[in-house]
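**Student:** The structure under discussion is supplied below as structure tokens; questions concerning it will follow.
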Amino acid sequence: MRTMFQTVAAVFTMAVVVAGGRAEDDKVPLDKLPKAVVDAVKAKFPKAELKEAEKGKDDGKVEYEITIKDGESKIDVDVTEDGTITGYEKGIALKDLPKAVSAAAAAKHPKGTAKSAEVVYAVKGGKDTLAYYEVVIELDGKKHEVEVLPDGKLKPEEKK
Numbered sequence: 378m379r380t381m382f383q384t385v386a387a388v389f390t391m392a393v394v395v396a397g398g399r400a401e402d403d404k405v406p407l408d409k410l411p412k413a414v415v416d417a418v419k420a421k422f423p424k425a426e427l428k429e430a431e432k433g434k435d436d437g438k439v440e441y442e443i444t445i446k447d448g449e450s451k452i453d454v455d456v457t458e459d460g461t462i463t464g465y466e467k468g469i470a471l472k473d474l475p476k477a478v479s480a481a482a483a484a485k486h487p488k489g490t491a492k493s494a495e496v497v498y499a500v501k502g503g504k505d506t507l508a509y510y511e512v513v514i515e516l517d518g519k520k521h522e523v524e525v526l527p528d529g530k531l532k533p534e535e536k537k
């Protein structure tokens, strides 16, 4: 009985620690965003409507993720406190994925079904560079993100 209690306590503690780790990104009301952040997003995407925002830390620096709607596209824009856009993810239709990218994602989870895709851009020195594609595959009721480079190779996993 004591072992069962210890196991339950350990699982509960782990759940609290994991949930606490995810709480690093906090929702931010749009009217509380720094002016530099809003101005940068509006300059890059002048016709976009800001939908929501989160504040978190990336490599110890404060960064905002602003979700916008630009026409029919949903875009998540990463912006530093000083208004520097570091990257963005834009939803795309599965049919618009390059064949090599679709093939690589399908090969990673051959029994899964592709559900959605995004193209991820890095922004450095004001220049946008296609970094990779992110394909969401559903398999056995679970969603798996597959990151594929433009040449069709799987993106190496980042070490945490």
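Numbering (the working numbering) for the sequence shown: 378 to 537. Every residue gets a Cβ at the ideal spot worked out from N, C-alpha and C, and that includes glycine.
#1: Alpha carbon to alpha carbon, how far is Lys-419 from Glu-431? Give it in angstroms, no decimals.
#2: Which value, in whole angstroms, describes the spacing of the CA atoms of Val-500 and Ile-445?
#3: Distance, Cα to Cα, Pro-423 vs Gly-503?
#4: Whole beta strand (DSSP E) runs in the region 479 to 514 with 3 or more residues, listed along the chain?
#5: Less than 9 Å between CB atoms is the rule here; does Lys-488 satisfy it with respect to chain C?
#6: In the DSSP assignment, find the unbroken beta strand (DSSP E) run with Ala-430 in it and report its ends.
#7: With 16 other CB atoms within 10 Å as the buried threshold, where does Leu-407 fall?
#8: What does DSSP give as the partner residues of Thr-457 in its beta bridges?
#9: For a quick check, are the C-beta atoms of Glu-466 and Glu-524 less than 9 Å apart?
#10: Report the residue from Glu-495, Asp-402, Ala-483, Ala-484 whose alpha carbon sits nearest the alpha carbon of Val-439.
#11: Within 10 angstroms of the Cβ of Ser-450, are there 16 or more other Cβ atoms? Answer buried if so, exposed if not.
#12: Tell me, to the nearest whole angstrom, how far the beta carbon of Gly-464 is from that of Val-497; I am working on the premise that it is less than 8 Å.
#13: Taking the alpha carbon of Lys-532 as the reference point, which residue from Thr-461, Ala-482, Ile-514 has its own alpha carbon closest?
**Tutor:** On the basis of the data shown:
#1: Taken atom to atom, the span from the alpha-carbon of Glu-431 to that of Lys-419 is near 17 Å.
#2: Taking the CA atoms as reference points, Val-500 sits about 17 Å from Ile-445.
#3: Rounded to whole angstroms, Pro-423 to Gly-503 spans 16 Å at the Cα level.
#4: Within the region 479 to 514, the complete beta strand (DSSP E) segments at least 3 residues long are 490 to 501, listed from N- to C-terminus.
#5: Chain labels in this structure do not include chain C; a single protein chain is all it has.
#6: 426 to 435 is the span of the beta strand (DSSP E), which, as asked, contains Ala-430.
#7: Exposed is the call here.
#8: Under DSSP, Thr-457 takes part in a beta bridge, and its partners are Glu-440.
#9: Not closer than 9 Å, so no.
#10: Looking at the Cα atoms, Asp-402 is the closest of the given residues.
#11: In the assembly as shown, Ser-450 is an exposed residue. Its beta-carbon has fewer than 16 other beta-carbons within 10 Å.
#12: Taking the Cβ atoms as the reference, Gly-464 lies roughly 7 Å from Val-497, within the contact range of under 8 Å.
#13: Measuring from the Cα of Lys-532, the nearest candidate turns out to be Ala-482.
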